[in-house]
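Asks: Position 44 (the sequence shown) corresponds to 43 in numbering that gives the first Met the number 0; numbering is contiguous.
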Amino acid sequence: MENKLYNDVFRILVAVLTVCERSVKHYIWVPMYSEAKLAFYIYLWYPIRKGTTYVYDSFFRPYISKHGTDIDRNLTELRTREGDIIVSYWQRAATYGQTRIFVCLLSYLNG
Numbered sequence: 000m001e002n003k004l005y006n007d008v009f010r011i012l013v014a015v016l017t018v019c020e021r022s023v024k025h026y027i028w029v030p031m032y033s034e035a036k037l038a039f040y041i042y043l044w045y046p047i048r049k050g051t052t053y054v055y056d057s058f059f060r061p062y063i064s065k066h067g068t069d070i071d072r073n074l075t076e077l078r079t080r081e082g083d084i085i086v087s088y089w090q091r092a093a094t095y096g097q098t099r100i101f102v103c104l105l106s107y108l109n110g
C-alpha cells in the first residue's frame, strides 16, 4: 500500500511541476534546465532518498492543510458546473459542425 501511495504522490508532483513548467516556459530561460529537471525527477523517484515524501511533506502538505476547505469547495462547484460546461461546449461544437457542413455544401453546389 505504501508503494502505491508513493507512486501516486510522485505522479501528482510530476503533474504539478509540468503545469508550472508549461506556464512559465516561454518567459524564463534557465541554462541546463533539462539536466536539472532530470536530476530532480531522479531524486523524486529514487525510493531510498525518499525525495517524493520530503517534497510533499515540506511544501504541498502544509498548503493543502491550510487551503483544504477552499480546494474542496472549488472542486464541489466545478462538479456542479461540469454538466453545464459540457452542454455548452457540445452546443458550440454542434453549431460549428452545422456551419461547416452548410459552407461545404454551398461551395459544392456553387462548384
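Quick reminder that beta carbons are idealized off the backbone N, C-alpha and C, glycines included.
Look up lysine 49 in the DSSP assignment and say whether it is helix, strand or coil.
Replies: Along the sequence shown, one-based indexing puts residue 49 at 50. Correct three-state label for lysine 49: coil.
Asks: Could you check if phenylalanine 101 is buried or exposed, using at least 16 other CB atoms within 10 Å of its CB as the buried criterion?
Replies: One-based indexing of the sequence shown puts residue 101 at position 102. Burial call: exposed.
Asks: Give the straight-line distance between the Cα atoms of leucine 37 and methionine 31, rounded to the nearest whole angstrom.
Replies: Against the sequence shown, residue 37 aligns to sequence position 38. Against the sequence shown, residue 31 aligns to sequence position 32. Spanning the alpha carbons of leucine 37 and methionine 31 requires a straight line of approximately 10 Å.
Asks: In whole angstroms, what is the alpha-carbon distance linking arginine 10 and cysteine 19?
Replies: Along the sequence shown, one-based indexing puts residue 10 at 11. Along the sequence shown, one-based indexing puts residue 19 at 20. Each residue's Cα considered, the two are about 14 Å apart.
Asks: Would you identify the three-state DSSP class for tryptophan 28, choosing helix, strand or coil?
Replies: Against the sequence shown, residue 28 aligns to sequence position 29. In the structure shown, tryptophan 28 sits in coil (DSSP, three-state: anything other than H, G, I, E or B).
Asks: Within the same chain, show all residues whose beta-carbon is closer than 7 Å to that of tyrosine 55, passing over the 5 residues directly before and after it, in chain order.
Replies: Mapped onto the sequence shown, residue 55 falls at position 56. Around tyrosine 55: Val8 and Leu12.
Asks: Suppose contacts are defined by Cβ-Cβ distances below 9 Å. Is glycine 50 in contact with tyrosine 62 by that definition?
Replies: Taking the sequence shown and counting its residues from 1, the one referred to as residue 50 is at position 51. Taking the sequence shown and counting its residues from 1, the one referred to as residue 62 is at position 63. No, they are not a contact pair.
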